[in-house]
Amino acid sequence: MTDSEASLLACLLNAGQRVVSRDELTRALWGVTMSDTGRAVDTHIHRLRKKLSQLSGVGIATIRSRGFRLEMSGSAAPQARWRQS
Numbered sequence: 014m015t016d017s018e019a020s021l022l023a024c025l026l027n028a029g030q031r032v033v034s035r036d037e038l039t040r041a042l043w044g045v046t047m048s049d050t051g052r053a054v055d056t057h058i059h060r061l062r063k064k065l066s067q068l069s070g071v072g073i074a075t076i077r078s079r080g081f082r083l084e085m086s087g088s089a090a091p092q093a094r095w096r097q098s
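Following our numbering, the numbering of the sequence shown begins with 14 at its first residue and continues without gaps.
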């Protein structure tokens with residue numbers, strides 16, 4: 014996992030069930046607005062989704078016109094556990 018993907022994952026984990034906007038993710042990763050990065054966040058989300066698909070019950074949902082949310086179900090680790098790091 015790249016540093017950018019790890020940062021995205023950490024941001025989504027820390028948000029819990031809250032939807033995180035592209036703009037918020039862009040500022041968290043690079044400290045700039047979305048217009049400065051084009052669709053870079055989407056590219057990193059796509060790659061992260063591919064890696065997470067290997068884990069049962071873990072995924073990233075796209076919430077249309079709002080952003081992204083990490084979804085965990087079944088035997089996936091509870092979010093509270095991830096927040097400790």
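Where is the CB? At the ideal position from N, CA and C, for every residue including glycine.
Nonlocal neighbours in the same chain, by C-beta distance under 8 angstroms from residue i, ignoring five residues either side
| i | result |
| --- | --- |
| R31 | R82 |
Beta-carbon contacts of residue i that lie in its chain and below 7 angstroms, excluding the five residues immediately before and after
| i | result |
| --- | --- |
| S86 | G70 |
| M14 | K64 |
| L22 | L61 |
Element boundaries [alpha helix (DSSP H), containing residue i]
| i | result |
| --- | --- |
| R35 | 35-43 |
| L5 | No answer is possible for residue 5: it lies beyond the span of the chain, which begins at 14 and ends at 98. |
CB-CB length for residue i against residue j, believed under 8 angstroms
| i | j | result |
| --- | --- | --- |
| S34 | R79 | 7 angstroms |
| I58 | I73 | 6 angstroms |
| L52 | E18 | Per the sequence presented here, residue 52 reads as Arg, with Leu not at that position. Actually they are not in contact, since the Cβ atoms of R52 and E18 sit about 15 angstroms apart, beyond 8 angstroms. |
Span of the beta strand (DSSP E) around residue i
| i | result |
| --- | --- |
| R62 | Here R62 belongs to no beta strand (DSSP E); instead the alpha helix (DSSP H) covers 53-65. |
| L83 | 80-85 |
| G72 | 71-76 |
6 angstroms CB neighbourhood of residue i in its chain, flanking five on each side removed
| i | result |
| --- | --- |
| A41 | C24 |
| S20 | L42 |
Of the listed residues the options, nearest to residue i (C-alpha basis)
| i | options | result |
| --- | --- | --- |
| D16 | L68, A28, D36, V54 | V54 |
| T56 | Q67, L38, L68 | L38 |
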